[in-house]
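Below you'll find the structure, written out as structure tokens, and then a few comments.
There are 2 protein chains.
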Amino acid sequence: MSLDRLPTPCPVIDLDVLERNLARMALRAQAAGVALRPHAKTHKTLQIARRQLAEGAVGLTVAKTGEAEVYAAAGFDDLFIAYPVVGLGKPERLLAVARRARLAVGVDSVEGARALGAPFAAAGMHLRVRIEIDCGQHRTGVLPEDAAALARQVAPLPGLELEGVFTHGGHAYGCTTDAAREERAREEATRVAQAADAIRAAGLPCPVVSLGSTPTAATAMAGVGITEVRPGNYVFHDATQVALGSCGLEDCALTVLATIVSVPAADRAVLDAGSKALAADVRRPTPDGHGIVVGTSSRLTSLSEEHGVVSVAAGDSFHVGQRVRVIPNHACVVSNLHDVLYAVRRGEVEEGWPVAARGRVE
Amino acid sequence: MSLDRLPTPCPVIDLDVLERNLARMALRAQAAGVALRPHAKTHKTLQIARRQLAEGAVGLTVAKTGEAEVYAAAGFDDLFIAYPVVGLGKPERLLAVARRARLAVGVDSVEGARALGAPFAAAGMHLRVRIEIDCGQHRTGVLPEDAAALARQVAPLPGLELEGVFTHGGHAYGCTTDAAREERAREEATRVAQAADAIRAAGLPCPVVSLGSTPTAATAMAGVGITEVRPGNYVFHDATQVALGSCGLEDCALTVLATIVSVPAADRAVLDAGSKALAADVRRPTPDGHGIVVGTSSRLTSLSEEHGVVSVAAGDSFHVGQRVRVIPNHACVVSNLHDVLYAVRRGEVEEGWPVAARGRVE
Chain A
428 MSLDRLPTPC PVIDLDVLER NLARMALRAQ AAGVALRPHA KTHKTLQIAR
478 RQLAEGAVGL TVAKTGEAEV YAAAGFDDLF IAYPVVGLGK PERLLAVARR
528 ARLAVGVDSV EGARALGAPF AAAGMHLRVR IEIDCGQHRT GVLPEDAAAL
578 ARQVAPLPGL ELEGVFTHGG HAYGCTTDAA REERAREEAT RVAQAADAIR
628 AAGLPCPVVS LGSTPTAATA MAGVGITEVR PGNYVFHDAT QVALGSCGLE
678 DCALTVLATI VSVPAADRAV LDAGSKALAA DVRRPTPDGH GIVVGTSSRL
728 TSLSEEHGVV SVAAGDSFHV GQRVRVIPNH ACVVSNLHDV LYAVRRGEVE
778 EGWPVAARGR VE
Chain B
428 MSLDRLPTPC PVIDLDVLER NLARMALRAQ AAGVALRPHA KTHKTLQIAR
478 RQLAEGAVGL TVAKTGEAEV YAAAGFDDLF IAYPVVGLGK PERLLAVARR
528 ARLAVGVDSV EGARALGAPF AAAGMHLRVR IEIDCGQHRT GVLPEDAAAL
578 ARQVAPLPGL ELEGVFTHGG HAYGCTTDAA REERAREEAT RVAQAADAIR
628 AAGLPCPVVS LGSTPTAATA MAGVGITEVR PGNYVFHDAT QVALGSCGLE
678 DCALTVLATI VSVPAADRAV LDAGSKALAA DVRRPTPDGH GIVVGTSSRL
728 TSLSEEHGVV SVAAGDSFHV GQRVRVIPNH ACVVSNLHDV LYAVRRGEVE
778 EGWPVAARGR VE
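Residue numbers (the numbering used here), protein chains in the order written: chain A, 428 to 789; chain B, 428 to 789.
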């Protein structure tokens, strides 16, 4: 079926671009001598995850227990939940996942770690845990200087096996220059390696030293002592990655196909794609509209749930019924809004991929 | 089951508050002598829609063809799509809906209207259309002074029946004072009524004069010549409605139940609810964090997809594993992120309501 026959709004994946993105990151990781464990949160599909493994990924990263359940049920046998999992029922659900897949989970507190270990100890099993390191984002995780102290408390807990450390240089998304972004990437690598060294100096094992985000991956994975990289967004890229300099417009694999439903004034056209199709995420590092209207100079200046309002630039013109493609600000949240991603090659829809892990926030 | 047993994050509806909200708006519409046609986009469930009809609503408002399909398939027999529907395949889908339900659709261009009418004419049927009026939001719709000209073009088109006019005073969400909000509400009523008068003066029928948004509904529905009101958010309310003065905290029926997964510093606690559970929508009329952490003075200062970062206020304390409830900035987009809403009364979960029209953006 031709792309021209898809109902709008809908998310479209350009297969040629996707495949180039997949191959490029796989080659980078191979050249750096680190394991690639991509974060599946960006696509949430089984089809792209399988392509990542086919390109040499050692396994998948996910964010939540519910996502791990989806991938384990589909036969993916090596999963890392890059999140300090805490909450009622979660340890027992992790035990069920660990019976089907090699599983590791993040921890950043002894209380959280103890709760995770309990059902594993009762079952005579061990859950692999990785200590989350705060390399400067100041979200979750312990500071590198506190890593050894937490490792000493976590390592002896029943039902757990300390496997390493991980971090995420998410604060690189705030960098407005390439130099600043590179500096964040080097810090990310230095700080997580520092934490690993401190844990080993305390006489504890730390085989895995994991980091990564799409804007920092290329530099950070080359750091001394790094064993694994976990970029997610690189499969699709988006307007934020273009603004950050992680990629060019031609590297954006995901667009939202939309229809102009109204041209109520000469300087205004309205799309059938609003925040329910494109998400309300602000472009980083600097706010600048709600996505790139491909092939035009016009800006997508405001979104409501079902409307995208385009400020029409001089030289552009739009008519009711016209179809356009929009590169969203943040691809990872766009896939979470839709049930199916349409995989397209040179204008032909090859497959519809169910967003199998959509909405698995638990 | 107790609320305390629900896995997090998840959306919870307080039934006592919901029922009070439903009854209050129904009484207001009854007192004003206007038809209540609530916008179902806020809840997207069949269960709340049925309660709205039981309270006297004449039918439902929806935003997209896909939502109309869900409600028509479930037996709802009076639907208005408050949107200028345009796009490949949509007229044919509307025809299928119109075979099951009394259907009206918005139009704001003759091109759009002509396309809608074509399959209806071929089937020997008529689609009811309402002309969208721009009362100041400057999104879709024609200005009141242009309404009669469009009506003259639309009314004779094959397959269409001109039923009236509608508007939405969405720009009231930018008002920082009650006085400004009331002024927007009066303008909304005046302008849509002006458009209706102009259409009638042109010798065309205009039986329906419809308006509404939750912040403007109470004032606008009392305007001269108004026949129908279409609020949506009032069923749940949210932090934006509290900020606008549409309601109090005690009128917020939807909260997101979340767990503290990390307390990495004395002034920082992290929830397992991020933008995938709470949505990234900015609070209006003035940006102020990402939701209200119920029963605390602490602010939810940043969200990433799976993390909500709380800046802990003096006097508040949080511990790993603690459960909290968050009133989101924008309830309508929260229901779109989840598959089930949990209906709770005094701490007991009575039912799980599937979000039947979730993701129906087409």
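Glycine included, C-beta positions come from ideal geometry on N, C-alpha and C.
Beta carbon proximity, residue 511 of chain A to chain B, threshold 7 Å: Chain B, which has a Cβ nearer than 7 Å to the Cβ of residue 511 of chain A, makes this yes.
Residues of the region 688 to 704 of chain B whose Cβ lies closer than 9 Å to any Cβ of chain A, in chain order: Flagged, chain order: 688, 689, 690, 691, 692, 695, 697, 699, 700, 701, 702, 703, 704.
Cβ-Cβ distance between residue 656 of chain A and residue 456 of chain A below 7 Å: Yes. Within cutoff.
Distance, residue 764 of chain A Cα to residue 808 of chain A Cα: Shown here, chain A extends from 428 to 789; a query on residue 808 of chain A therefore has no answer.
Chain A contact for residue 766 of chain B (CB, 7 Å cutoff): yes
Status (buried if at least 16 other CB within 10 Å, exposed otherwise) for residue 604 of chain A: With fewer than 16 Cβ atoms within 10 Å of its Cβ, residue 604 of chain A is classed as exposed.
Rounded straight-line distance, which links the Cα of residue 711 of chain A to that of residue 671 of chain A: 7 Å
C-beta contact flag for residue 599 of chain B and residue 642 of chain B at 7 Å: yes
Cutoff 7 Å: residue 567 of chain A Cβ touching any chain B Cβ: yes
C-beta contact flag for residue 492 of chain A and residue 509 of chain A at 7 Å: Contact: no.
Pairwise C-alpha distance: residue 617 of chain A and residue 581 of chain A: 23 Å
The region 457 to 466 of chain B / the region 474 to 484 of chain B touching (three or more Cβ pairs under 8 Å): A contact is defined here as three or more CB-CB pairs under 8 Å, and the region 457 to 466 of chain B meets this definition with respect to the region 474 to 484 of chain B.
Contact list for the region 719 to 738 of chain A against chain B, Cβ threshold 9 Å: Listed in sequence order: 729, 731, 732, 733, 734, 736.
Extent of the continuous beta strand (DSSP E) to which residue 729 of chain A belongs: 726 to 730
CA-to-CA distance, residue 609 of chain A to residue 696 of chain A, given in whole angstroms: 39 Å
Contacts that residue 515 of chain B makes with chain A (C-beta to C-beta distance below 9 Å): 431, 432, 433, 434, 435, 686, 748, 750
Residue 775 of chain A, buried or exposed, once every other Cβ within 10 Å from all chains shown has been counted against 16: exposed
Cβ-based neighbour list, residue 729 of chain A, same chain, cut-off 6 Å, excluding 5 preceding and 5 following: 736
Between the CA atoms of residue 512 of chain A and residue 777 of chain B - distance to the nearest angstrom: 28 Å
C-beta neighbour in chain A for residue 786 of chain B, strict 7 Å: At least one C-beta of chain A is nearer than 7 Å to the C-beta of residue 786 of chain B.
Inter-residue Cα distance where the pair is residue 622 of chain B and residue 669 of chain B: Looking at the two C-alpha atoms, the distance is approximately 32 Å.
Interface partners of residue 468 of chain B on chain A, CB under 7 Å: 732
Burial state of residue 585 of chain B (16 or more Cβ within 10 Å): exposed
Beta carbon proximity, residue 538 of chain B to chain A, threshold 7 Å: yes
Rounded straight-line distance, which links the Cα of residue 448 of chain B to that of residue 771 of chain B: 15 Å
Three-state secondary structure (DSSP) of residue 774 of chain B: coil
Whole-number beta carbon distance between residue 523 of chain B and residue 506 of chain B, since they are thought to touch under 8 Å: That pair is no contact at about 12 Å.
Option nearest residue 786 of chain A by Cα separation, candidates A:474, A:535, A:496, A:476: A:496
Expected contact under 8 Å - CB spacing of residue 758 of chain A and residue 681 of chain A to nearest Å: 5 Å
Cross-chain neighbours of residue 758 of chain B in chain A, by beta carbon under 7 Å: Correct list: empty, because the minimum Cβ distance to chain A is about 11 Å.
Complete runs of the alpha helix (DSSP H) confined to the region 472 to 519 of chain B [at least 4 residues]: 473 to 481, 492 to 500
CB contact check: residue 535 of chain A to chain B, cutoff 7 Å: yes
Collapsed DSSP secondary structure at residue 461 of chain A in the structure displayed: coil
Proximal residues of chain A, C-beta to C-beta of residue 483 of chain B below 8 Å: Residues of chain A passing the Cβ test: none, with the nearest at roughly 26 Å.
Distance CB(residue 648 of chain B)-CB(residue 459 of chain B) smaller than 7 Å: yes
beta-carbon residue 567 of chain A near the ligand PLP non-hydrogen atom, thresh 6 Å: Of ligands this structure carries none, so the ligand PLP is not represented either.
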